[in-house]
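FYI, in full-length UniProt numbering the residues of the sequence shown are 90 to 436.
Built from N, CA and C at the ideal position, the CB exists for glycine as well.
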Amino acid sequence: PSPHLWEGTPLVEPHGGKKTVLVTGAAGFIGSHVSLALLERGDSVVVVDELNDYYDVEVKRGNLALLREKAQEMSERNGGSPDDLLSIYVGDVNNATLMTDVFERHRPGWVCHLAARAGVRPSIDDPLLYVRANVAGTTNMLEYSRLHSVRNVVVASSSSVYGESGSTYFSEAEDVDYPVSPYAATKRSGELISRTYHRLYDLNITNLRFFTVYGPRGRPDMAPYKFIRRISEGERIDRYGDGSTSRDYTYVDDIVDGVVRAIDRAYPCEVFNLGKGSGTTLSEFIGLVERHTGRVANVRVMPEQPGDVPFTNADVSKARRLLGYEPRVTMEEGIRRTVTWYNKTFG
Ligand code: NAD
Numbered sequence: 090p091s092p093h094l095w096e097g098t099p100l101v102e103p104h105g106g107k108k109t110v111l112v113t114g115a116a117g118f119i120g121s122h123v124s125l126a127l128l129e130r131g132d133s134v135v136v137v138d139e140l141n142d143y144y145d146v147e148v149k150r151g152n153l154a155l156l157r158e159k160a161q162e163m164s165e166r167n168g169g170s171p172d173d174l175l176s177i178y179v180g181d182v183n184n185a186t187l188m189t190d191v192f193e194r195h196r197p198g199w200v201c202h203l204a205a206r207a208g209v210r211p212s213i214d215d216p217l218l219y220v221r222a223n224v225a226g227t228t229n230m231l232e233y234s235r236l237h238s239v240r241n242v243v244v245a246s247s248s249s250v251y252g253e254s255g256s257t258y259f260s261e262a263e264d265v266d267y268p269v270s271p272y273a274a275t276k277r278s279g280e281l282i283s284r285t286y287h288r289l290y291d292l293n294i295t296n297l298r299f300f301t302v303y304g305p306r307g308r309p310d311m312a313p314y315k316f317i318r319r320i321s322e323g324e325r326i327d328r329y330g331d332g333s334t335s336r337d338y339t340y341v342d343d344i345v346d347g348v349v350r351a352i353d354r355a356y357p358c359e360v361f362n363l364g365k366g367s368g369t370t371l372s373e374f375i376g377l378v379e380r381h382t383g384r385v386a387n388v389r390v391m392p393e394q395p396g397d398v399p400f401t402n403a404d405v406s407k408a409r410r411l412l413g414y415e416p417r418v419t420m421e422e423g424i425r426r427t428v429t430w431y432n433k434t435f436g
């Protein structure tokens, strides 16, 4: 069967009791937001993150500090020790000793694998690093998950898998075997090895293709963060291309909602787009940041970069139908919230 077909009935578990969820990459942008949401609803979170220096490690330490605060708050609210709610391991998902210890000690029923080397351009400079972190890393997580009878694994994929598919409105049914960067190829590989693990071991695995995620504590290497920072500080911004390239920018809270739904639903083996469902051009994006920062952008126009995809517009009808996912945060509102966070943090 084709990967975009719904193959079976989900294991819908009404969230009564608490889950123990292993979240890899939880010191990162999306992982920290997902972990906060899980803690907030009463789940226990086990973090594995190597705290690499792809961007400022202090940002990641700050994210972990927020998780500790949340675990403390939840233990005060519901009783019990914060240590039962949150455990943090700093290390590589490819480290066998560490991973065996984590799985044996915590016996997580759910795995949310978000750890990865992200970023399209750096993957062109160091493809092997990306293969180790993303392809070997995902394979390891699936291997430990099946050895320890995990009930459901959610794996982060990316809209970059659509590469040169030629379409402007990406649906999961599309042929995605034309990735244009090593990063995209590693994410596609993660989807393929997921399918293999499902076939071989009947492991429930959902791959989620995130579309350009932004929001508070966003990744400093990504355009939305850079633009907000530079326009706020009155610095020049480099715009690659004529500004007409369009991205489906997704506010992080919508992504968290989709991830948590995928954790709870446990489909046997599915791929879902998680995006806003409509694109915003770079020029429109810059205009919104100008409006909310009250600053005029100083734009330097640069040639388009190799590996960049001109459009990423998500068809989210499958996630709507099967996960009940509904992106709620408009660009206007998302940028307003992100600029507010930026001003509060750095203003
Ligand atoms: P991020 O870089 O903020 O977070 C990733 C975290 O994983 C980092 O804290 C890093 O230290 C950790 N990590 C990396 N390799 C590791 C390893 N081998 N072992 C342990 N930890 C490791 O990135 P993010 O934006 O939060 O992305 C999370 C996931 O979502 C990634 O899988 C990424 O590919 C995917 N994704 C993100 C976006 C986006 O727009 N942010 C879009 C599509 C897909």
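PHE435: buried (16+ other C-beta within 10 angstroms of its C-beta) or exposed? For this step, residue 435 is matched to residue 346 along the sequence shown. With fewer than 16 Cβ atoms within 10 Å of its Cβ, PHE435 is classed as exposed.
Cross-strand partners of PHE259 (DSSP beta bridge): For the purposes of this step, residue 259 is taken as the residue at position 170 of the sequence shown. Per DSSP, ALA403.
Do the region 173-182 and the region 244-257 touch if we need at least three Cβ pairs shorter than 8 angstroms? no
At a cut-off of 6 angstroms, would you count THR301 as near ligand 1, judging by its Cβ distance to the nearest heavy atom? The count along the sequence shown starts at 1 and reaches residue 301 at position 212. Yes.
What are the boundary residues of the alpha helix (DSSP H) that GLU373 is part of? As a first step, residue 373 must be located in the sequence shown, where it is residue number 284. Start and end: 371-382.
Cα-Cα, which of ARG306, LEU289, THR228, PRO216 is closest to SER270? Position 181 of the sequence shown, counted from the start, is the residue given in the question as residue 270. Of the candidates ARG306, LEU289, THR228, PRO216, the one whose C-alpha sits nearest the C-alpha of SER270 is PRO216.
So what does DSSP say about HIS195, is it helix, strand or coil? Here residue 195 refers to the residue found at position 106 of the sequence shown. In the structure shown, HIS195 sits in a helix (DSSP, three-state: H, G or I).
Unbroken beta strand (DSSP E) runs of length 3 or more, entirely within the region 118-205: which are they? 133-138, 175-179, 199-202
Would you identify the three-state DSSP class for MET420, choosing helix, strand or coil? The residue labelled residue 420 in the question sits at position 331 within the sequence shown. Three-state result, MET420: helix.
Nearest-angstrom Cα distance between ARG150 and ARG306? Here residue 150 refers to the residue found at position 61 of the sequence shown. Here residue 306 refers to the residue found at position 217 of the sequence shown. Distance between the alpha carbons of ARG150 and ARG306 is about 12 angstroms.
Using the Cα positions of ASN183 and ALA386, report the straight-line distance between them to the nearest angstrom. Numbered from 1 along the sequence shown, position 94 holds the residue referred to as residue 183. Numbered from 1 along the sequence shown, position 297 holds the residue referred to as residue 386. Cα to Cα, the separation comes out at about 43 angstroms.
Measuring only from the beta carbon, is GLY376 closer than 6 angstroms to any heavy atom that is part of ligand 1? Along the sequence shown, read from residue 1 onward, the residue named residue 376 stands at position 287. Checking the Cβ of GLY376 against ligand 1 gives no.
If you run the structure through DSSP and keep just helix, strand and coil, what is ASN296? The sequence position of residue 296 within the sequence shown is 207, counting from 1. If DSSP states are grouped into helix, strand and coil, ASN296 belongs with the strands.
With DSSP collapsed to three states, give me the class of TYR338. The sequence position of residue 338 within the sequence shown is 249, counting from 1. Looking at TYR338 - three-state DSSP - the assignment turns out to be coil, as it is neither helix nor strand.
According to the neighbour-count rule (16 or more other Cβ atoms, all chains shown, within 10 Å of its Cβ), is PRO103 buried or exposed? Locating residue 103 in the sequence shown gives position 14, where the first residue counts as 1. Unreliable placement is indicated for PRO103, whose pLDDT of 49 sits below 50; no coordinate value is reported for it.
Closest by CA to VAL137, which one among TYR144, GLU280, ASN296, LEU203? As a first step, residue 137 must be located in the sequence shown, where it is residue number 48. Measuring from the Cα of VAL137, the nearest candidate turns out to be LEU203.
Quick one: does the C-beta of GLU232 sit closer than 6 angstroms to a heavy atom of ligand 1? Within the sequence shown, residue 232 is the residue found at index 143, counting from 1. No, the beta carbon of GLU232 sits no closer than 6 angstroms to any heavy atom of ligand 1.
Should ILE119 be listed as close to ligand 1, given that the test is whether its C-beta is under 6 angstroms from any heavy atom? Residue mapping note: residue 119 aligns to position 30 of the sequence shown, counting from 1. Under cutoff, so the answer is yes.
Taking the alpha-carbon positions, what's the TYR340 to GLU129 distance? Along the sequence shown, read from residue 1 onward, the residue named residue 340 stands at position 251. Along the sequence shown, read from residue 1 onward, the residue named residue 129 stands at position 40. Whole-angstrom Cα-Cα distance: 19 angstroms.
Does the Cβ-Cβ distance between ASP346 and TYR144 come in under 7 angstroms? Along the sequence shown, one-based indexing puts residue 346 at 257. Along the sequence shown, one-based indexing puts residue 144 at 55. No, the Cβ-Cβ distance between ASP346 and TYR144 is not below 7 angstroms.
Backbone secondary structure at SER91 - three-state DSSP: Taking the first residue of the sequence shown as position 1, residue 91 is located at position 2. With a pLDDT of only 43 at SER91, under the threshold of 50, the placement of this residue in the model should not be trusted; the figure read from the coordinates follows. It is coil, neither helix nor strand.
Kindly examine ligand 1 and report whether one of its heavy atoms sits closer than 6 angstroms to the Cβ of ALA262. The residue labelled residue 262 in the question sits at position 173 within the sequence shown. No, ligand 1 has no heavy atom inside 6 angstroms of this Cβ.
For the putative contact between residue 58 and MET391, defined by C-beta atoms under 8 angstroms, what is the C-beta separation to the nearest angstrom? Shown here, the chain extends from 90 to 436; a query on residue 58 therefore has no answer.
Identify whether VAL110 lies in helix, strand or coil by the three-state DSSP scheme. In the sequence shown, residue 110 corresponds to position 21, counting from 1. Strand at VAL110.
Might you give, ordered along the chain, the residues of its own chain that have their beta carbon closer than 8 angstroms to the beta carbon of residue 73, omitting 5 neighbours on each side? Absent from the structure is residue 73, since the part of the chain shown begins at 90 and ends at 436.
Short of 7 angstroms in beta carbon distance, which residues of its chain neighbour GLU139, apart from the five on each side in sequence? Order them along the chain. Residue mapping note: residue 139 aligns to position 50 of the sequence shown, counting from 1. Counting only Cβ-Cβ distances below 7 angstroms, and skipping sequence neighbours, we find VAL179, GLY180, ASP181.
Can you give me the C-alpha to C-alpha distance between ILE126 and THR285, rounded to a whole angstrom? If you number the sequence shown from 1, residue 126 lands on position 37. If you number the sequence shown from 1, residue 285 lands on position 196. A small correction: the amino acid at residue 126 is Ala; Ile does not occupy that position in the sequence shown. Distance between the alpha carbons of ALA126 and THR285 is about 30 angstroms.
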